[in-house]
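In my numbering, the protein residues as written are 99 to 811. Please read the structure below before turning to the comments.
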């Protein structure tokens, strides 16, 4: 019955995996450009290695990106941004001035222009009545305000907005009519206020210093406001219409005309003609043979995904067994391909702006370098088949991906990501410039816009990496940075373990050191096994004195209970450890170390005592067997070995090299004989390496040394 259940469970999960891959294929196909593939491969600067190319139909010669940029820049050189004239601002300013002026003048008159201030009056040199004086300045200021608004007032922030415009003129919309105006002929808001203040100061000089002080303090900034308002919507619309009307082509090639001859070198103009034919050929093929092209695209994508499945099936079955791991990989590939398809449809963005190196960086952060490289290759092959200049695209991004993987060994170290991104940028530039030299024979033909896209690509790499923390939360992964944080012995849970069960804490530290050194040698994850080792015995905190490493020399609580109960308490530290870990929200990857570090072993000490007392004891008495499961990875297997070896090494009576070697061999061989390693991807060579590391580490811990013959001393 159990075999039947396992059979159906296996095929049920296999069916789900099939649907994951199928959905990813369908999603990618739905976003790919509906176009065929030009059947000839060619490179600029190289001979045409195919038969003579004859134009199969009439097609236009498309302009290069640099030509389009130059033409658009020339057209925009005389483009004038649009401003609207707000006629209501003048009346508002006059009304506001009259209100403020009347209030301020009355206050000034009450304080200074009275009979009680004759000395001040004489200083004012008043030759007119006070009403005439008030009217004089009112007339002057209103005249200057009208003059300012006739010329126009612009907000300085609008000037900053149009600072990228090469023109020194603007187009003023007045009553639906467009009037060209020089920017130098209008006032900015600060200049307008300064102009009015200057005019009134000149008029006040003849009437005494008190009036000059009055006008210097007057708040013109509350009165004057811009009346020329930047019309962003109209400006963008007109600019867009102008750029849309720029022709993308610069001539035609007639059907039957020879495009290039066999072994003719592909130079500048010829290269552009062939590129134009390729573009038009792929577009027409996609329109005329839509369904066959769709089938071909489906088969290509399906084959590449099948290669990915075979790789995982043969080398990383642990990923295929976890839905979240499969979904993450498929979603990552799909996202990059879909993003690339949108960029390919755009005529203004280069495909090289897409940060393809983020794929191996993300995979390397959670898995291993080999898987990162394979998935990166699958991704760039998918896109390279549809990207322009596919060979160049694959070569450039392959090198960048390899550099990213090779340099990303210690991502958790400060500054390492910047170092990696810098190397990726250098690799992009180096390969691109090398291709330019091969194709053009000189660096003069370098497309500087492409170099700028590479720089943006590097910036996007830095920005997108911050998503690694979000990915951890969504998919339940563990990055190296998180493992470093969890391994900090100042974590609350580890501090509590050190206080409640100090012997267990010291045991965990020793196990962590052993396991980390061994896993590093056999190609596992040292940070993961170290974190798992530190937490693997946290279940002992509930009954610390029932474990020998925490017991005083004169006290053993097992003396007062029977063997079955003792075994139950010992076994329970696994299940209680899992409960404590879940309560403290430890990741599932660390909980696996708690569950698996004893596998399905027996509590041998109490089982033997029970067996000696009760001869009828059955061999598979479940009361003395840990619940398991058995370790399922290199890391969990090595932890089991390290835990058993470290615990047994504490019983040494006489420490010698031979005693250490025999102990390590005996413990690990017994675990292997009991089938504890069967579910893990560990080899006999790995086990031999682990033994060697343990022996060396234990010799260092116990400071054992070779015993020399007495006559040699």
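Ideal Cβ placement from N, Cα and C applies to all residues, glycine included.
Counting the other CB atoms within 10 Å of its CB gives residue 628 a total of 16 or more, which places it among the buried residues. Under the three-state reduction of DSSP output, residue 641 falls in the coil class, being neither helix nor strand. Between residue 695 and residue 738, the CB-CB gap stays under 9 Å. Annotation: residue 649 to residue 771 spans about 31 Å, alpha carbon to alpha carbon.
DSSP assignment within the region 296–342 yields the following whole beta strand (DSSP E) runs of 3 residues or more, N-terminal first: 326–328. Annotation for residue 368: 358 place their beta carbon closer than 6 Å to its own, counting only its chain and skipping 5 residues before and after. Pairing residue 145 with residue 373 gives a Cβ-Cβ distance that is not under 9 Å. In the pairwise beta carbon analysis, the region 636–648 is classified as touching the region 600–611: at least three pairs are separated by under 8 Å. Along the region 588–668, the beta strand (DSSP E) does not occur as any fully enclosed run of 3 or more residues. Taking 8 Å as the upper bound for CB-CB distance, residue 294 and residue 236 are not in contact here, some 13 Å apart. By the 16-neighbour rule on beta-carbons within 10 angstroms, residue 401 is exposed. Of the candidates 352, 312, 159 and 140, 352 places its Cα closest to the Cα of residue 152. Under the three-pair Cβ rule at 8 Å, the region 742–757 does not count as touching the region 672–679. Under DSSP, the beta-bridge partners assigned to residue 278 are 269. Residue 176 has its alpha-carbon roughly 32 Å from the corresponding atom of residue 541. In the assembly as shown, residue 350 is an exposed residue. Its beta-carbon has fewer than 16 other beta-carbons within 10 Å. When DSSP states are grouped into helix, strand and coil, residue 705 belongs to the helix group. DSSP lists no beta-bridge partner residue for residue 391. For residue 269 and residue 328, the gap between their C-alpha atoms comes out near 10 Å. In this structure, the beta-carbon distance from residue 533 to residue 684 does not fall below 9 Å. With contacts defined as CB atoms closer than 9 Å, residue 527 and residue 473 fail to qualify as a contacting pair.
The way I'd put it, the region 187–207 does touch the region 314–328; three or more beta-carbon pairs between them come closer than 8 Å. A distance below 7 Å between beta-carbons, with the five flanking residues on each side excluded, links residue 253 to the following residues of its chain, in chain order: 287 and 324. The beta-carbon distance between residue 364 and residue 141, rounded to whole angstroms, is 7 Å. This is short enough to meet the 8 Å contact definition. Taking a C-beta distance under 9 Å as the contact criterion, residue 379 and residue 115 do not qualify as a contact pair. Beta-carbon to beta-carbon, residue 249 and residue 283 are separated by about 6 Å, close enough to satisfy the 8 Å threshold.
Residue 130 is a Cβ neighbour of residue 484, given a cutoff of 9 Å. Annotation: residue 416 to residue 149 spans about 50 Å, alpha carbon to alpha carbon. The region 704–713 makes no contact with the region 589–602: fewer than 3 CB pairs, one atom from each, lie closer than 8 Å. A check of alpha carbon separations from residue 179 across 442, 722 and 332 identifies 332 as the nearest.
Residue state for residue 179 is assigned as coil, using DSSP reduced to three classes.
The Cβ-Cβ distance between residue 399 and residue 127 falls below 9 Å.
For residue 173, the enclosing alpha helix (DSSP H) covers residues 163–174. Sequence-distant partners of residue 572 (beyond 5 residues in either direction) whose C-beta falls short of 8 Å from its own C-beta are missing from its chain.
For the options 576, 496, 754 and 751, the alpha carbon positioned closest to that of residue 689 is the one of 576. With contacts defined as CB atoms closer than 9 Å, residue 727 and residue 777 qualify as a contacting pair.
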